[in-house]
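**Student:** Have a look at the structure that comes next, please.
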Amino acid sequence: MQCSKCPRNAIVFQSYSGLHLCDQHVAEDVKAKAKKMIRAHQWLRYGDHISVALSDNKSAALLYFLKQLTAERRDIRISAITINQESTGFNINSHAKRIAELLDTECFTGSSEDESVTVFDTISQKAKDPTMSVYCHPHRCLPLDKVAQQHGVTKIALGITLDDAACAVLESVIRGDVERLGFKHCVETIPRISPFISVTAAEVSLYAAHCGFKNEPAISPDLGDGLHKDTVALLDRFTNNHPATKYALMNLGKNLAGFPGGISGLIRACEWLQKKPAVVL
Ligand SMILES: [Zn+2]
-8 MQCSKCPRNA
2 IVFQSYSGLH
12 LCDQHVAEDV
22 KAKAKKMIRA
32 HQWLRYGDHI
42 SVALSDNKSA
52 ALLYFLKQLT
62 AERRDIRISA
72 ITINQESTGF
82 NINSHAKRIA
92 ELLDTECFTG
102 SSEDESVTVF
112 DTISQKAKDP
122 TMSVYCHPHR
132 CLPLDKVAQQ
142 HGVTKIALGI
152 TLDDAACAVL
162 ESVIRGDVER
172 LGFKHCVETI
182 PRISPFISVT
192 AAEVSLYAAH
202 CGFKNEPAIS
212 PDLGDGLHKD
222 TVALLDRFTN
232 NHPATKYALM
242 NLGKNLAGFP
252 GGISGLIRAC
262 EWLQKKPAVV
272 L
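Anchor point for the sequence shown: position 136 equals 127 in our numbering, and the numbering is continuous, going up by one each time.
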């Protein structure tokens, strides 16, 4: 099948737009959607230091995209952060550092076993604050914020995709717990941005491959509980017949999350990072 925009062979069919796209035009489409999201939410401001939380190939692609986008901007600094999730057995730090080196980007590192975070966990348990124990994972959120604060980061960029956002919304509805959407119960202190949130995971993966990052490894079966996995499968099946479903869910979630979190508040980094596989080069 030919690309709808040029004579090259198409590698993807966008059922929601009716377009067949080649690899170059998928990349252009991903970048256009990300730029639109950044403009709409004013995610790039004078003096910003944006650090990309490196977790998987999609976040590597996000770092690549932001580096290109700001190449002429001397007022904006782009860096990377990686937090090693000791409990998952993944050592993502070494993968992340290789990606940062490839992209000539400084990379800050932290660990989920951070001492001060253990103290925070103990405090929240002592206070018996149910919102902390149920909704937030301070041992994942706090190291990210702590490392970011140490290096003057003004925003943390996450490679969250449309699939992640739509699934988070549907899962919250199925659990009967829409309060999970938004920042209310999270300990995040530095604003999060997610430029790829209106792009499907499949298209971000194609863009990542276009940028030189290989396909994702299979996600470990241990990541996420049964309901999460069933929600992912349900959403993918349903989208086959109803292509606009993921966009509708994202918009619903944006309205439910409200301000100031809005679209950035749909998914907390602490939950999202837990479900990510390691980066492969
Ligand atoms: Zn094309």
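Even glycine gets a Cβ: it sits at the ideal position worked out from N, Cα and C.
#1: Alpha carbons only, please: which of -3, 42 and 60 is nearest the one belonging to residue 24?
#2: Can the beta-carbon of residue 86 be found less than 9 Å from the beta-carbon of residue 45?
#3: Leaving aside the five residues before and after residue 18 along the sequence, list all residues of the same chain whose C-beta is less than 7 Å from its C-beta, in chain order.
#4: From the DSSP output, in three-state form, read off residue 56 for me.
#5: Quick one: residues in its chain with C-beta nearer than 6 Å to the C-beta of residue 138, no 5 flanking neighbours on either side, listed in chain order?
#6: Helix, strand or coil: how does DSSP classify residue 40 here?
#7: Going by DSSP in three states, residue 137 sits in which element: helix, strand or coil?
#8: Find the nearest neighbour of residue 50 within the set 195, 220, 227 and 225, judged by alpha-carbon distance.
#9: Pull up the CB-CB distance for residue 150 and residue 204, whole angstroms please, since I reckon it's below 8 Å.
#10: Just to confirm my understanding: we take residue 66, look at its own chain, exclude 5 residues before and 5 after, and list those with CB closer than 7 Å. What are they?
#11: Across which residues does DSSP place residue 243 in a beta bridge pair?
#12: By DSSP, does residue 98 sit in helix, in strand, or in coil?
#13: Compute the distance between the beta-carbons of residue 217 and residue 159, then report whether it is under 9 Å.
#14: Do residue 54 and residue 90 have their beta-carbon atoms positioned less than 9 Å apart in this structure?
#15: Have a look at residue 68 and residue 232 and give me their C-alpha separation to the nearest angstrom.
#16: Here's the rule: buried if 16 or more other CB atoms are within 10 angstroms of the residue's CB, otherwise exposed. What is residue 182?
#17: Would you call residue 168 buried or exposed, if buried means 16 or more other Cβ atoms sit within 10 Å of its Cβ?
#18: Just the C-alpha distance for residue 248 and residue 29, rounded to the nearest angstrom, thanks.
#19: Assign residue -2 to buried or exposed, taking buried as 16 or more other Cβ atoms, counted over all protein chains shown, within 10 Å of its Cβ.
#20: Determine whether the Cβ of residue 247 lies closer than 9 Å to any Cβ atom of chain B.
#21: Considering only heavy atoms of ligand 2 and the C-beta of each residue, which residues fall inside 5 Å, strictly closer?
#22: Where residue 165 and residue 95 are concerned, what is the direct C-alpha to C-alpha distance, given to the nearest angstrom?
#23: Can you tell me whether residue 27 is buried or exposed, with buried defined as 16 or more other CB within 10 angstroms of its CB?
#24: Can you tell me whether residue 0 is buried or exposed? The criterion is at least 16 other CB atoms within 10 Å of its CB, across all chains shown.
#25: Quick check on DSSP: helix, strand or coil for residue 225?
#26: Does DSSP put residue 2 in a helix, in a strand, or in coil?
**Tutor:** Here's the rundown:
#1: Start at 1 with the first residue of the sequence shown, and residue 24 comes out as number 33. The closest CA to that of residue 24, considering only -3, 42 and 60, is found on 60.
#2: Within the sequence shown, numbered from 1, the residue matching residue 86 stands at position 95. Within the sequence shown, numbered from 1, the residue matching residue 45 stands at position 54. Yes, these two residues count as a Cβ contact at 9 Å.
#3: In the sequence shown, residue 18 corresponds to position 27, counting from 1. Within the same chain, residue 18 has close Cβ partners 198 and 201.
#4: As a first step, residue 56 must be located in the sequence shown, where it is residue number 65. The answer is helix: DSSP assigns residue 56 an H, G or I state.
#5: Start at 1 with the first residue of the sequence shown, and residue 138 comes out as number 147. Closer than 6 Å at Cβ, skipping near neighbours: 72, 99 and 101.
#6: To locate residue 40, count along the sequence shown from 1; it is residue 49. Correct three-state label for residue 40: strand.
#7: Along the sequence shown, one-based indexing puts residue 137 at 146. Note: residue 137 maps to helix in three-state DSSP.
#8: Here residue 50 corresponds to residue number 59 of the sequence shown, with the count starting at 1. The shortest C-alpha separation from residue 50 is found at 195.
#9: Mapped onto the sequence shown, residue 150 falls at position 159. Mapped onto the sequence shown, residue 204 falls at position 213. Their Cβ separation, rounded to whole angstroms, is 11 Å, which puts residue 150 and residue 204 out of contact at 8 Å.
#10: For the purposes of this step, residue 66 is identified with residue 75 of the sequence shown, where counting begins at 1. Correct list, in chain order: 37 and 38.
#11: On the sequence shown, residue 243 is found 252 positions in, with the first residue counted as 1. DSSP output for residue 243 lists no bridge partner at all.
#12: As a position in the sequence shown, residue 98 is number 107, starting the count at 1. DSSP places residue 98 in strand when its eight states are reduced to three.
#13: By one-based count along the sequence shown, residue 217 stands at place 226. By one-based count along the sequence shown, residue 159 stands at place 168. Their beta carbons are not under 9 Å apart, which means residue 217 does not touch residue 159 by this criterion.
#14: Indexing the sequence shown from 1 puts residue 90 at position 99. Indexing the sequence shown from 1 puts residue 54 at position 63. In this structure, residue 54 lies closer than 9 Å to residue 90 by Cβ.
#15: Counting from one through the sequence shown, the residue named residue 68 turns up at place 77. Counting from one through the sequence shown, the residue named residue 232 turns up at place 241. In a straight line, the C-alpha of residue 68 is about 42 Å away from that of residue 232.
#16: Taking the first residue of the sequence shown as 1, we reach residue 182 at position 191. Using a 10 angstroms sphere on the CB of residue 182, the tally of other CB atoms reaches 16 or more, which defines it as buried.
#17: Here residue 168 refers to the residue found at position 177 when the sequence shown is read from its first residue. The residue is exposed, with fewer than 16 neighbouring Cβ atoms inside 10 Å.
#18: The residue you call residue 248 lines up with position 257 of the sequence shown. The residue you call residue 29 lines up with position 38 of the sequence shown. Cα-Cα distance, rounded: 18 Å.
#19: By 1-based counting over the sequence shown, the position of residue -2 is 7. Its Cβ having fewer than 16 others within 10 Å, residue -2 is exposed.
#20: Considering every chain present, this structure includes no chain B. It has just one protein chain.
#21: As for ligand 2, it is missing from this structure, which binds only ligand 1.
#22: The sequence position of residue 165 within the sequence shown is 174, counting from 1. The sequence position of residue 95 within the sequence shown is 104, counting from 1. Roughly 43 Å between the two C-alpha positions.
#23: Within the sequence shown, the letter at position 36 stands for residue 27. Around the beta carbon of residue 27, fewer than 16 other beta carbons lie within 10 angstroms, which makes this residue exposed.
#24: Translated into the one-based positions of the sequence shown, residue 0 becomes position 9. Here residue 0 is exposed: its Cβ has fewer than 16 other Cβ atoms, across all protein chains shown, within 10 Å.
#25: For this step, residue 225 is matched to residue 234 along the sequence shown. Taken through DSSP and simplified to helix, strand or coil, residue 225 comes out as helix.
#26: Indexing the sequence shown from 1 puts residue 2 at position 11. In the structure shown, residue 2 sits in coil (DSSP, three-state: anything other than H, G, I, E or B).
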